[in-house]
Amino acid sequence: QGCDEPSTEGVNVFGFFQPRFEYNQMDTNDDTNTFDFNRARIGVMGIIPYDISYYMVLETSPSKNDGTPYLLDAFVTYSRYDFAKISVGSFKSPISLELNTPCHKLHTINRSKVVMQLATPDRDRGIMILGGADTTLFQYRVAITNGTGLFENDNNKYKDYAARIVMNPHKNLKIGVSYKYGKSASKVEGASDDERTRYGADFQYKKGAFMLQGEYLYGKDVGSYTTGGGCGEELELHTGDVKRDGMFLMAMYRTQSNLQPVVKFEYFDSDKDLDDNTEYCTTYGLNYFINDWTKIQANYIYRAERAHEIDNDIFMLQVTVKF
Amino acid sequence: QGCDEPSTEGVNVFGFFQPRFEYNQMDTNDDTNTFDFNRARIGVMGIIPYDISYYMVLETSPSKNDGTPYLLDAFVTYSRYDFAKISVGSFKSPISLELNTPCHKLHTINRSKVVMQLATPDRDRGIMILGGADTTLFQYRVAITNGTGLFENDNNKYKDYAARIVMNPHKNLKIGVSYKYGKSASKVEGASDDERTRYGADFQYKKGAFMLQGEYLYGKDVGSYTTGGGCGEELELHTGDVKRDGMFLMAMYRTQSNLQPVVKFEYFDSDKDLDDNTEYCTTYGLNYFINDWTKIQANYIYRAERAHEIDNDIFMLQVTVKF
Amino acid sequence: QGCDEPSTEGVNVFGFFQPRFEYNQMDTNDDTNTFDFNRARIGVMGIIPYDISYYMVLETSPSKNDGTPYLLDAFVTYSRYDFAKISVGSFKSPISLELNTPCHKLHTINRSKVVMQLATPDRDRGIMILGGADTTLFQYRVAITNGTGLFENDNNKYKDYAARIVMNPHKNLKIGVSYKYGKSASKVEGASDDERTRYGADFQYKKGAFMLQGEYLYGKDVGSYTTGGGCGEELELHTGDVKRDGMFLMAMYRTQSNLQPVVKFEYFDSDKDLDDNTEYCTTYGLNYFINDWTKIQANYIYRAERAHEIDNDIFMLQVTVKF
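Residue numbers (my numbering), protein chains in the order written: chain A, 1 to 323; chain B, 1 to 323; chain C, 1 to 323.
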């Protein structure tokens, strides 16, 4: 009969958390610093013989969602066919290289601004078909989702469609392309439906201890759009149309002594129809890997202003422990 | 000394979650559909030699309690005497057959309206004495609880009393009776105490792959009562007296190929002193058991209106994965 | 490569919860009683070879933080040097004997009022250096923290500094001293910074089945201070200066039959510049240890009033189960 026995493979408890020290330079000279948490996650995963697996994880960090824990990823996967696995539940949107880098494996403490602005909602509820592996020439993911993120149900019949393909033409090189399109009821009463389109391209080149990553994202919003995210700001909803784009380029080298200097250059154009609104951000980082599950990251984020330089740089020190 | 060593039996992590796709027919023709979660639970249970066991589980679904996770069942049980175990903490109210069917073993995606309306609060805090097993002629549960559910403390000296007895006169048949009585301070300032009474009777007949279940519940509220719940609506508090009843009858058959068609007929009379307010609801379901821990349920809920037929039917597709 | 394999030692899931029955005597004769939960915690801890350990625990009790679960302790420790371990994350403030007694090992159900009033915030985020063990002559803990507790980031550059030293001059005796100093931006616009100072001294004498504990705490607040906590009240923020102190003395004896009578006397002076405001509270307790992981505690709390005796006593019965 069986429903009450645990699965033969057992339940694996896992997670990670990231205590962080942050120093914020303020233009008014009232600099602040604080100890906080970046992410604090705990979850379970396992395999149910023969073709089912599950994954469920909670975010419990006091700095996310006003400190209220919430269900992050939760999906069940049917994996009989390697080239067409099916997942249902909530999961990361299959666009962008950096969004799809696991949070505990990020090379800089923050994701780049363009990813945090244009790859939102970072997670969504729906169904995904995926196939391929690191060893195959192609990997792909196609998702149909609500488009409303983790917290709200969809209030119309439209769904979001997202796809990402990663090619491995050479053992050192990966090239990815992403696309997403979604419609939703207008935020303005009576107006026509809002539309959201995203294109992206990215690459990763790895040779020995050296790695180079780059990514470009373009977004076109009709009706409404959200801003905020990267470099430490909040999300906000706006009405109107906007075209935005941005990119990052990041290089790193891991030494024999488990030190990894990183440098990341990024820009983000918050409205392509305006001039002088492009933001530049350079992150200088140093990662130290204590062991395979624990690392320390130091980041200095330099934000360049077009018009006149202001004091708004950030220094962060973060420990990641994975279990 | 020992307080810091784990118990000899170890901690068992368990849970289940239910990604769901729901299609709502709207009378205005603005049909909606959404991916969501029904339940998403994670918890621990274990045995502490020799006579103590514990059970603690959190509900983390974004569709419950406005998405804020909460402590659901949490009780410790002293089980030296099989015929009189004692549990303290929070647990399911010992009334109703369908309420006491575990949520991941329900034959239809939703519980019936009468159960969701009259067996509230579904969980409560207090003390329970229970005895018997599936193999004994009688099983019983008696509870003394706050009557205020999981979220509020009791603000008076009155407690709720609930009892349920299940008889197994024949290996194929179970017959259950339930009773509950509670008093609480009046919701209206200065009025006499509110009273709540519930009676119930139910049966389950099982022969081979076939199963038939039926349940009747009657409720009498003096002073105040709550409405909402079943067939997808919200809870609401009302003042005044009301007598309500309802029932369901459900038949299912599990084929060799792990398919299980289900049909459930239910009615609910939301005020026995009024005419023409009885609601009828028929659920056509098909369950597919992928394995002992994973199933897919498809439900079509047809809601019949007395006066004139309106478009308010629901189609749901739900995956349950247990671990 | 390794980041996805579990650590060799594995993840240990642990926690405890405390169902409680509370009877409150009311002066108006409207006595109330309720079943509730005191604490309900679940977490993980483990060792990552060779020198790293982690600890992460959630509070999920409906009676804490308005029922919203939250991340309680979460720290990672580097423990290569026994005399100077380093922890970063959130942890208990290293002041006070009773605050640093684990919640599931408390001898009375409630901590004493002076500890709940003056050792706040009980937990904080920052960095701690600690050394020594129960077998060494000295143990110490020094912490630099935000001073804002678990829920808020620090909004200025000032940090709180806390230290605690415990001496073991004799195998039966421990003597502890605590100190804490913190500054924060004034709660009143434009005023000078708020300051908070705490001194404490405590001892524990243990001989066979007998134990005696005592603790004195003194607190001086400039600019603002909080009240509430012990003996069952809520926290509140006040502006102004205040000097406060208090103490408790507690004796207990554990019999062969696992019964442990406890008596605790405490006083708290909520403003040393005022007369007649000192509160006295006596707790009569009886602990019964069912086994090493389960105990039952009965407490009668008698609150003496200076001016005229009022009915405000409390009776509590609490089960603690640890796993």
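Quick reminder that beta carbons are idealized off the backbone N, C-alpha and C, glycines included.
For residue i, go through chain A and note every residue whose CB falls closer than 7 Å to its CB, in chain order.
{"i": "B:Ile42", "result": "Val44, Met56"}
{"i": "C:Asn146", "result": "Thr34, Phe35"}
{"i": "C:Val88", "result": "Pro19, Val319"}
{"i": "B:Ser61", "result": "Leu71"}
Please list, in chain order, the chain B residues whose beta carbon lies closer than 7 Å to that of residue i.
{"i": "C:Thr68", "result": "Thr68"}
Looking at residue j and residue i, is the spacing between their C-beta atoms short of 8 Å?
{"i": "B:Ser63", "j": "B:Phe35", "result": "no"}
{"i": "A:Asp134", "j": "A:Leu99", "result": "no"}
{"i": "A:Phe315", "j": "A:Tyr300", "result": "yes"}
{"i": "C:Ala40", "j": "C:Phe17", "result": "yes"}
{"i": "B:Thr145", "j": "B:Gly126", "result": "yes"}
{"i": "C:Val114", "j": "C:Gln139", "result": "no"}
{"i": "C:Gln260", "j": "C:Met252", "result": "yes"}
{"i": "A:Ile327", "j": "C:Ile52", "result": "Residue 327 of chain A lies beyond the range of chain A shown here (1 to 323); nothing can be said about it."}
{"i": "B:Gln326", "j": "B:Ile109", "result": "With chain B running from 1 to 323 in the structure shown, residue 326 of chain B is simply not present."}
{"i": "A:Leu237", "j": "A:Lys272", "result": "no"}
{"i": "B:Ala201", "j": "B:Gly223", "result": "no"}
{"i": "C:Asp160", "j": "C:Asp194", "result": "no"}
{"i": "A:Ser61", "j": "A:Thr77", "result": "no"}
{"i": "A:Gly89", "j": "B:Pro169", "result": "no"}
{"i": "B:Asp154", "j": "C:Thr226", "result": "no"}
{"i": "A:His104", "j": "A:Thr320", "result": "yes"}
{"i": "A:Asp311", "j": "A:Asp30", "result": "no"}
{"i": "B:Glu266", "j": "B:Ser112", "result": "yes"}
{"i": "C:Gly147", "j": "C:Ala84", "result": "no"}
{"i": "C:Arg198", "j": "C:Leu217", "result": "yes"}
Using a cut-off of 9 Å between C-beta atoms, extract the partners of residue i located in chain A.
{"i": "C:Asp154", "result": "Thr32, Asn33, Thr34, Phe35, Asp36"}
How would you list, in chain order, the residues of chain B whose beta-carbon sits under 8 Å from the beta-carbon of residue i?
{"i": "A:Ile52", "result": "Ile290, Asn291, Trp293, Thr294, Val321"}
{"i": "A:Phe75", "result": "Pro19"}
Can you round the beta-carbon distance between residue i and residue j to whole angstroms, since I take them to be within the 8 Å contact cut?
{"i": "A:Gly219", "j": "A:Leu97", "result": "Between A:Leu97 and A:Gly219 the Cβ distance is about 16 Å, and since that is not below 8 Å, they are no contact."}
{"i": "A:Tyr55", "j": "A:Phe75", "result": "6 Å"}
{"i": "B:Phe268", "j": "B:Gly214", "result": "Not really, about 14 Å apart at Cβ, beyond 8 Å."}
{"i": "C:Ala163", "j": "C:Pro102", "result": "That belief does not hold up - the Cβ atoms of C:Ala163 and C:Pro102 are roughly 20 Å apart, past 8 Å."}
{"i": "B:Phe323", "j": "B:Gly15", "result": "6 Å"}
{"i": "C:Gly67", "j": "B:Phe151", "result": "6 Å"}
{"i": "C:Asp276", "j": "C:Val242", "result": "Rounded, the Cβ-Cβ distance is 16 Å, inconsistent with contact."}
At a cut-off of 7 Å, would you count residue i as near the ligand ZN, judging by its Cβ distance to the nearest heavy atom?
{"i": "C:Val44", "result": "The ligand ZN is not part of the structure shown, which contains no ligands of any sort."}
What does residue i touch in chain C if you count any residue whose Cβ is under 7 Å from its own?
{"i": "B:Ile150", "result": "Note that residue 150 of chain B is Leu in the sequence shown here, rather than Ile. Near B:Leu150 (Cβ distances below 7 Å), the residues of chain C are Pro62."}
Does any residue of chain E have a CB that is nearer than 8 Å to the CB of residue i?
{"i": "B:Ile48", "result": "The structure shown contains no chain E; its protein chains are A, B and C."}
Using 8 Å as the cut-off, can you tell me whether the region 54 to 72 of chain B makes contact with the region 180 to 188 of chain A, which would need three or more C-beta pairs spanning the two stretches below that distance?
no
Chain B contacts made by the region 8 to 19 of chain C, where a contact means CB separation under 8 Å:
Asn12, Val13, Phe14, Gly15, Phe17, Pro19
Using a Cβ cut-off of 7 Å, which residues of the region 156 to 186 of chain B contact any Cβ in chain C, in chain order?
Asn156, Lys157
Chain-ordered residues of the region 116 to 140 of chain B with a beta carbon less than 9 Å from chain C:
Asp124, Arg125, Gly126, Ile127
Below 8 Å between beta carbons is the criterion; list the residues of the region 80 to 113 of chain B that meet it against any residue of chain C, in chain order.
Val88, Gly89, Ser90
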